[in-house]
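Peer 1:
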Amino acid sequence: MIRSWTRRAWGWLDQFRQRENQLALLMSLVIGALVGLVVVAFILLTGRLAARMYPAGGSGFRRLLMPILGALGTGYLIQRFFPDARGSGIPQTKAALFIHDGRISLKTVLGKFFNCSASLASGIALGREGPSVQIGSGLASVIGRRLGLTTAQIKALVPVGGSAALAAAFNTPIAAVLFSLEEIMGDLHAPVLGSVVLSSATSWMVLHLLLGDEPLFHVAGYHLVNPIEFGAYALLGVVGGLGSVAFVKLLLYLRRRFMAMDPKTGWWQPAVGGLTVGLMGFFLPEVLGVGYDTVDKALNGDLILRTVVLLAGLKIVASAACYASGNAGGIFGPSLFIGAMLGAAVGQLAHLALPEYTAGPGAYALVGMGAAFAGIVRTPLTSVIMIFEITRDYAIIVPLMIANLMAFFISYRLQREPIYEALALQDGIHLPTAVSRDQEGRHQVRAALKPPPIVLAPEMSVADAWDRVKDRELDSWPVADRSGLCGLVRSAELERAHEGERSADRITTVMETLPIGVDPEAMARFPHLHLDHGLSLALERMGSARRNTLPVVSRGDVRHLLGVVTLEDVLAVYGVEGREDPDGD
Amino acid sequence: MTDAAAGSPREGSPTPQAFWTTFLLIFVAIAILFSLDTTLARIDRDETQAEATAHFEEGRRLIAAGDYREAVDRLRTAAFLERGNRDYRLALGEALAGAGKPVDAEAQLDEVLREHATWGPANLAMARALVLEGRLPEATSYYHRAIYGQWDDGEAAERRVSARFELISLLVREESQQELLAELLPLLDEAPDSLPLRKELGHLFVVAGSPTRAGTIFREILRQDPEDPAAHAGLGEAEFALGNYRSARSALLTARRLAPDDSSIVRNLDRVERVLALDPSRRGLSREEQLRRSLTLVELAARALELCTGPTPPVEIRATLDSARSRLAPRPRSRAASYEANLDLAERAWSARQSICSTPASADDPLSLVLARLAQ
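In order, the protein sequence lines correspond to chains C and B.
Here my numbering is used: the first residue of the first sequence is 1, the next is one more, and so on.
Here my numbering is used: the first residue of the second sequence is 586, the next is one more, and so on.
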């Protein structure tokens, strides 16, 4: 009898396991709950650690030393054991989703959790939200793999975990859903919408169950005093946009400099960020850590003009230095901080100039947060909803939309590459854009891929290289060393150099070098393709590069040469035999 | 990843038993994490509460020391750490008002009142903030909400009375007699049976233009303690306001005897003496004395009028002044015959003075008081 019941129960469970929709529903609930609990633990642990590292009435030297020690400790652990725990976690999550089949290791999750907690508690001027997203997505990925789900199912779970994490970290369930779709998936109509909503709501409920119903910031009720204020808010959008660009460009520049250093120095590089923020914190403690209590003060108009301007400038430098030097932590928190300070500064000036027609600086700080977030993270829709959810103040939505759009537009004009894409590019990772994702289901580069007939070595002379390629029909040739692709060289360039008595020169003198880790925009200009690119894009790139051959490289490592695609092969996929003469001439 | 990989089952896919066992382990992990989080949350709550309390206490100390700016900082931190605590947010609102930021205080208190609309202390703090903003009608409304609102401690009745007295002080300052009287009347029933409070109430009834009620209160006090100088002084004040100058003098003389060092009693007595010395209708005066006093009234009223008009008065005023001068000329027969006419002339001159003079006469001016009484 019992055996029969057991058999029937297992049969029912197995049937349930086969029903993909019901399983997805259950997984969303379970991941939402688990991620919510982990993120709550992350928030609480970080908070308590910080309280112990910075007891009330602590001396200035403690503020100077703690970030350095924290950065040194976590820097060593990250370098030695958890290399993927560096930085925000959003680019890593996107890379995992689009390049590594949704795979994030448990080691990375644990490394991110503990290193980021220690790092933020020690006063490193970064945020907890981006890391939470990586932790949440990582947990979802680990669970999916442990349950033996298909690759597609695991990939679908990554944004589910990410949205659950963000809902708990920011206390913003709707913005978490939007962020997962807008930024991580890059598609507001993604089929995982239902699962993402469910996990976000579950996680949010867990947060409320444990920490109560309080918004992240308490804001006094603001309203538009006079339509003239729209002008001031538009100005705030401009300032927010410029501030965002300054932050992003500084961060990318500093990171490029740190990446150019000897990799062996990686373990102490974070201490440079720690020293920067420690020195600032010695004089102005508000710079340390996430700084949400200071944001709260700005939102309530409690900071004077000089202080907010100083804090905005220092936080831009501190957060950029902390992130670029390789500390664990995200840029959501710093974005909100910088935006709040810039907003408070504009608000105070506007109120000084037009006291009868403008609200207090708190309203501007609120809008500034959204503007900076839209400018830095480039998710304008998420930012509007997020500010609304954080503050639960509906009255400020229209000014927020105006400022957000201004900031987004200015940021886009002055810094084309969104920050997460730019960071990934610096790491040699090419995240797919919305355009390339559109190519899915159409003819892709993988259909025309073939191994390169010849791969030249960078130490070869022009004469040797010309000897090898002169009878071949391709017009460009990949040059690679043991680490991977170094660049491309044209047959015509080799011939010209050979005839110009530069035969003994190395081919690197005529090669177009792969600009890895130098400038994201330069990398984007380098002629190359990825497997998931559409063939139409391949044709476009061949046209703009004036080559009939392009290298195909991995998204996860642009130096990893997967093969080449020629014009002839592309045409062959479309059924056009390019070289045949219909008349037989 | 390759497209072929997408959608394909992973290698080594677990059996149903292994699958559900993994699921079970996840639920176990959730249960463990929940316990861990609950413990962490409790520790966090306790430590945060302790930290917030420390900031709150320091903030209150700073308020008491008058350092509102620093207090705002401390209380803001306390309110940030423990958002649900209405006491912290109330104290923050009060500190903001004290720091000269009534608009911010209003916004802060508005938020508290959205959640605790009937909470007396928050309504009282809001009323004070609005007074600082000069929005008196709204402030009065919040005072009423405070008076009829909820007070937590066992001294609710005293707090309510205190709030009403605060409103009364505001109304006295604003010279809103009718509203003041409306606030005082409930106090006759509500106010605790405290002697100083009753004396204060009596005094306020005089200010509110209800000296009869004031007299009743002071007489009641004197029935219990006939030697109370303040009650005698209050009674004198009430009688004076009623125009019973002789009764007022009598009460004030008793008060002075009981409290010879009280300068306010001496001042009030002097005022009564001056009125009595000027009053021509006082009983027991000879006709000669009545006439003399009526002429004094004409002289004082004319002088007050001249002070306002200057050397070139308007035509209609000049006629009145000329009449006064002729009346004051040394012609005893005609003077003796015109006691009633003198009073009429003094009243006309005083009335003209009141209508053309930019600065109104003091309410305590003996001439004004005597003429007002005669007009009755």
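Using N, Cα and C, we set each Cβ at its ideal position, and we do this for glycine too.
No experiment lies behind these values; they were computed from the predicted model shown.
Output yes if chain C places a C-beta closer than 7 Å to the C-beta of B:Arg668; else output no.
Peer 2: Taking the second sequence and counting its residues from 1, one reaches residue 668 of chain B at position 83. Yes, because at least one Cβ of chain C sits closer than 7 Å to the Cβ of B:Arg668.
Peer 1: So who's on the other strand from C:Asp481, going by DSSP bridges?
Peer 2: One-based indexing of the first sequence puts residue 481 of chain C at position 481. In DSSP, C:Asp481 forms a bridge with C:Gly484.
Peer 1: Less than 8 Å between C-beta atoms, sequence neighbours within five positions excluded: which residues of the same chain meet that for B:Glu932?
Peer 2: Taking the first residue of the second sequence as 1, we reach residue 932 of chain B at position 347. Closer than 8 Å at Cβ, skipping near neighbours: Ala886, Leu956, Leu959, Ala960.
Peer 1: For a cutoff of 7 Å on Cβ pairs, would you count B:Ile617 as touching chain C?
Peer 2: What you label residue 617 of chain B is simply residue 32 of the second sequence in a count that begins at 1. No, B:Ile617 lies away from the interface with chain C (no Cβ there is under 7 Å from its Cβ).
Peer 1: In angstroms, rounded to a whole number, what distance separates the CA positions of B:Ala793 and B:Ala826?
Peer 2: Residue mapping note: residue 793 of chain B aligns to position 208 of the second sequence, counting from 1. Residue mapping note: residue 826 of chain B aligns to position 241 of the second sequence, counting from 1. Each residue's Cα considered, the two are about 11 Å apart.
Peer 1: For chain B, find out if any of its Cβ atoms is closer than 7 Å to the Cβ of C:Gly301; answer yes or no.
Peer 2: If you number the first sequence from 1, residue 301 of chain C lands on position 301. So, interface residue.
Peer 1: Starting from the beta carbon of C:Glu214, find every residue of chain B whose beta carbon is closer than 9 Å, and list them in chain order.
Peer 2: Within the first sequence, numbered from 1, the residue matching residue 214 of chain C stands at position 214. Under the 9 Å cutoff, chain B gives Arg668, Gly669.
Peer 1: Got a sec: is the Cβ-Cβ distance from B:Ala589 to anything in chain C below 7 Å?
Peer 2: Counting from one through the second sequence, the residue named residue 589 of chain B turns up at place 4. In this prediction, B:Ala589 scores a pLDDT of 39, lower than 50, which makes its location untrustworthy; the coordinate-derived value is nonetheless stated afterwards. Taking Cβ atoms only, chain C never reaches closer than 7 Å to B:Ala589, which makes this a no.
Peer 1: For the candidate residues C:Ser476, C:Leu254, C:Met511, C:Ile429, whose alpha-carbon lies nearest to that of C:Glu459?
Peer 2: Within the first sequence, residue 459 of chain C is the residue found at index 459, counting from 1. Minimum Cα distance to C:Glu459 is reached at C:Met511.
Peer 1: On the three-state DSSP scale, how would you describe C:Gln415?
Peer 2: Taking the first residue of the first sequence as position 1, residue 415 of chain C is located at position 415. Residue state, collapsed to three classes: coil.
Peer 1: Look at the alpha carbon of B:Glu768 and the alpha carbon of B:Ala714, and state the distance between them as a whole number of angstroms.
Peer 2: Within the second sequence, numbered from 1, the residue matching residue 768 of chain B stands at position 183. Within the second sequence, numbered from 1, the residue matching residue 714 of chain B stands at position 129. B:Glu768 and B:Ala714: Cα-Cα distance of roughly 20 Å.
Peer 1: Give me the residue from C:Val553, C:Arg256, C:Ala504 with the minimum Cα distance to C:Val479.
Peer 2: By 1-based counting over the first sequence, the position of residue 479 of chain C is 479. Nearest C-alpha to C:Val479: C:Val553.
Peer 1: What number of angstroms, rounded off, separates the C-alpha of C:Ile184 from the C-alpha of C:Ala407?
Peer 2: Start at 1 with the first residue of the first sequence, and residue 184 of chain C comes out as number 184. Start at 1 with the first residue of the first sequence, and residue 407 of chain C comes out as number 407. Between C:Ile184 and C:Ala407, the C-alpha separation is close to 21 Å.
Peer 1: Check the Cβ-Cβ distances between B:Phe641 and every residue of chain C, and say whether any is below 7 Å.
Peer 2: Counting from 1 along the second sequence, the entry for residue 641 of chain B is found at position 56. No - not a single Cβ of chain C is within 7 Å of the one on B:Phe641.
Peer 1: Taking only beta-carbon atoms, is B:Arg661 less than 7 Å away from chain C?
Peer 2: Numbered from its first residue, the second sequence carries residue 661 of chain B at position 76. So yes, B:Arg661 belongs to the interface.
Peer 1: For B:Tyr673, tell me which candidate among B:Leu770, B:Ala639, B:Ser923, B:Glu858 has the shortest Cα-Cα distance.
Peer 2: One-based indexing of the second sequence puts residue 673 of chain B at position 88. Minimum Cα distance to B:Tyr673 is reached at B:Ala639.
Peer 1: Near B:Ala921, what residues of its chain come up, given a Cβ to Cβ distance below 7 Å and the 5 sequence neighbours on each side ignored?
Peer 2: On the second sequence, residue 921 of chain B is found 336 positions in, with the first residue counted as 1. Residue placement at B:Ala921 is flagged as unreliable, the pLDDT there being 49, under the threshold of 50; the coordinate-derived value follows with that caveat. Only Leu876 meet the Cβ criterion.
Peer 1: Applying a beta-carbon distance threshold of less than 7 Å, which residues of chain C neighbour B:Phe665?
Peer 2: For the purposes of this step, residue 665 of chain B is taken as the residue at position 80 of the second sequence. Result: Asp293, Asp296.
Peer 1: Nearest to C:Ser200 by CA position, among C:Gly11, C:Leu550, C:Gly136, C:Ala447, is which residue?
Peer 2: Translated into the one-based positions of the first sequence, residue 200 of chain C becomes position 200. Nearest C-alpha to C:Ser200: C:Gly136.
Peer 1: Any idea if C:Arg115 is buried or exposed, counting beta-carbon neighbours within 10 angstroms, 16 or more meaning buried?
Peer 2: Translated into the one-based positions of the first sequence, residue 115 of chain C becomes position 115. Contrary to the premise, residue 115 of chain C reads as Asn rather than Arg in this sequence. Label assigned to C:Asn115: buried.
Peer 1: Would you list the residues sitting across from C:Pro551 in a DSSP beta bridge?
Peer 2: Taking the first sequence and counting its residues from 1, the one referred to as residue 551 of chain C is at position 551. C:Pro551 pairs with C:Val564.
Peer 1: So what's B:Trp935 in DSSP terms, helix, strand or just coil?
Peer 2: As a first step, residue 935 of chain B must be located in the second sequence, where it is residue number 350. In this structure, B:Trp935 counts as helix in the three-state DSSP scheme.
Peer 1: Could you confirm whether any beta carbon from chain C is found closer than 7 Å to the beta carbon of B:Asp774?
Peer 2: As a first step, residue 774 of chain B must be located in the second sequence, where it is residue number 189. Not an interface residue.
Peer 1: For C:Val346, collect the residues of the same chain with a Cβ closer than 6 Å to its Cβ; drop the 5 residues on either side in sequence, then sort them by chain order.
Peer 2: Within the first sequence, numbered from 1, the residue matching residue 346 of chain C stands at position 346. Around C:Val346: Leu236, Val239, Tyr364.
Peer 1: Which chain B residues sit within Cβ distance under 7 Å of C:Leu211?
Peer 2: One-based indexing of the first sequence puts residue 211 of chain C at position 211. What C:Leu211 touches in chain B: Ala626.
Peer 1: Output the boundary residues of the alpha helix (DSSP H) element that contains B:Leu807.
Peer 2: Mapped onto the second sequence, residue 807 of chain B falls at position 222. Per DSSP, B:Leu807 belongs to the alpha helix (DSSP H) from 796-809.
Peer 1: Can you check whether the C-beta of C:Ala33 is within less than 7 Å of a C-beta belonging to chain B?
Peer 2: Taking the first residue of the first sequence as 1, we reach residue 33 of chain C at position 33. Answer yes: the Cβ-Cβ gap between C:Ala33 and chain B drops below 7 Å somewhere.
Peer 1: Mapping DSSP to helix, strand and coil, what is B:Glu636?
Peer 2: Stepping through the second sequence from its first residue, residue 636 of chain B is reached at position 51. In this structure, B:Glu636 counts as helix in the three-state DSSP scheme.
Peer 1: Checking the sheet assignment: what are the DSSP bridge partners for B:Trp704?
Peer 2: One-based indexing of the second sequence puts residue 704 of chain B at position 119. B:Trp704 is bridged to B:Gln735.
Peer 1: Should C:Lys264 be labelled buried (16 or more other beta-carbon atoms within 10 Å of its own) or exposed?
Peer 2: Residue 264 of chain C sits at position 264 when you count from the first residue of the first sequence. Exposed is the call here.
Peer 1: Which residues, in order along the stretch 34-54 of chain C, keep a beta-carbon less than 8 Å from a beta-carbon of chain B?
Peer 2: So the close ones are Leu34, Leu37, Val38, Val40, Ala41, Leu44, Leu45, Gly47, Arg48, Ala51.
Peer 1: Contact check, C:Val462 vs C:Ser411 under 8 Å by CB: the rounded distance?
Peer 2: Counting from one through the first sequence, the residue named residue 462 of chain C turns up at place 462. Counting from one through the first sequence, the residue named residue 411 of chain C turns up at place 411. Incorrect: roughly 44 Å between the Cβ atoms, too far for contact.
Peer 1: At a Cβ threshold of 7 Å, is C:Asp187 touching chain B?
Peer 2: Here residue 187 of chain C refers to the residue found at position 187 when the first sequence is read from its first residue. C:Asp187 does not count as touching chain B.
Peer 1: Is there at least one non-hydrogen atom of the ligand ZN closer than 6 Å to the beta-carbon of C:Val39?
Peer 2: This structure does not include the ligand ZN; it has no bound ligands of any sort.
Peer 1: Suppose contacts are defined by Cβ-Cβ distances below 7 Å. Is C:Ala24 in contact with C:Ser195 by that definition?
Peer 2: To locate residue 24 of chain C, count along the first sequence from 1; it is residue 24. To locate residue 195 of chain C, count along the first sequence from 1; it is residue 195. Going by C-beta atoms, C:Ala24 is nearer than 7 Å to C:Ser195.
Peer 1: What does B:Pro601 touch in chain C if you count any residue whose Cβ is under 9 Å from its own?
Peer 2: Start at 1 with the first residue of the second sequence, and residue 601 of chain B comes out as number 16. Chain C residues near B:Pro601: Trp10, Gly11, Leu13, Asp14, Arg17.
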